[in-house]
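Participant:
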Amino acid sequence: MPKPPALVIGPDLPALAARWRRDATAWAVGRSWPPRALLLMYVASAGYRRLGDREASCWFDGLTLLIHELGHLLFQPFGEFLMVAGGSITQLAAPLLTMFLFRRQGDWFGVSVAGGWLAMSAFHLAVYVADAQDMSLPLVGFGSDPEHDWHYLLAATGTLHRSATYARLLEGGATLVWLASCLSGAWLIWLIARAPAASDGPARGESATP
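The opening residue of the sequence shown carries number 4 in my numbering; numbering runs sequentially from there.
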């Protein structure tokens with residue numbers, strides 16, 4: 004009597020991992036690893052500095068701040084609460100969208116770098132959330148007297164006393180994303196370094212420049 008098929012609940016993780024390895028190995032052929040290694044080293048050092056100093060700055064900060072302020076404008080039609088929350092939502096959504104776009108293009112290393120940006124954005128946001136009670140950070144925004152987003156949001160929801168807890172959760176999540184991005188990026192660079200050079204120009208989907 005034949006055995007009934009095994010019940011699979013959720014994604015088949017071993018199959019997904021095998022497919023990712025197969026796709027990434029094919030992607031690595033003909034790529035240049037030195038410039039990618041330099042970029043990954045910067046992402047790794049930026050995250051390491053953030054772990055030791057919450058207010059350490061990096062190249063991603065200016066772009067993150069610009070997107071944060073743009074988020075307020077994007078969410079303005081949806082009421083005051085969402086307008087205030089929109090800055091933080093957008094600064095996390097932008098690197099997530101970038102990761103998705105790189106994945107659609109088959110640029111695995113781009114996904115890792117965008118993951119590093121997501122981690123830096125979450126670290127940046129954790130500092131803002133932690134300051135919700137003291138409100139000691141200098142604020143940047145439209146108008147002469149910008150409002151502290153997270154003081155408003157947490158006070159409006161009655162959770163201002165939990166700001167430190169929320170900040171620690173964000174920092175923990177940011178640390179995990181940063182580590183995953185660095186490890187996956189290092190693995191991809193290793194694949195590139197050991198892959199055979201392309202004999203007919205750049206790999207499919209990549210320009211001639213490294």
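Using N, Cα and C, we set each Cβ at its ideal position, and we do this for glycine too. Only a predicted model underlies this, so the values are computations on that prediction, with no experimental measurement involved.
(1) Quick check: the segment 129 to 136 against the segment 171 to 183, are there 3 or more CB pairs under 8 Å?
(2) Quick one, which of Val87, Ala122 and His154 has its alpha-carbon nearest Leu179's?
(3) With distances taken from CA atoms, which of Arg106, Ser124, Met86 and Ser115 is nearest Leu156?
(4) Measuring CA to CA, which of Leu19, Leu54 and Leu142 is closest to His71?
(5) How far does the alpha helix (DSSP H) with Met102 in it extend, from its first residue to its last?
(6) Any chance the CB of Leu179 is under 6 Å from a heavy atom of the ligand HEM?
(7) Tell me the rounded alpha-carbon separation between Val116 and Ala40.
(8) Mind checking Phe81: buried by the 16 CB within 10 Å criterion, or exposed?
(9) Output the boundary residues of the alpha helix (DSSP H) element that contains Arg53.
Facilitator: According to the structure data:
(1) yes
(2) Position 176 of the sequence shown, counted from the start, is the residue given in the question as residue 179. When each option's Cα is compared against that of Leu179, the closest is Ala122.
(3) Numbered from its first residue, the sequence shown carries residue 156 at position 153. Out of Arg106, Ser124, Met86 and Ser115, Met86 has the C-alpha closest to the C-alpha of Leu156.
(4) Start at 1 with the first residue of the sequence shown, and residue 71 comes out as number 68. Of the listed residues, the one whose Cα sits closest to His71 is Leu142.
(5) In the sequence shown, residue 102 corresponds to position 99, counting from 1. Counting along the chain, the alpha helix (DSSP H) containing Met102 begins and ends at Glu83 to Gln108.
(6) Ligands in the displayed structure: none, and consequently the ligand HEM is not present.
(7) For this step, residue 116 is matched to residue 113 along the sequence shown. For this step, residue 40 is matched to residue 37 along the sequence shown. The alpha-carbon atoms of Val116 and Ala40 are separated by roughly 11 Å.
(8) Against the sequence shown, residue 81 aligns to sequence position 78. Exposed.
(9) Reading the sequence shown from its first residue, position 50 is the one you call residue 53. Here the alpha helix (DSSP H) through Arg53 covers Pro37 to Gly55.
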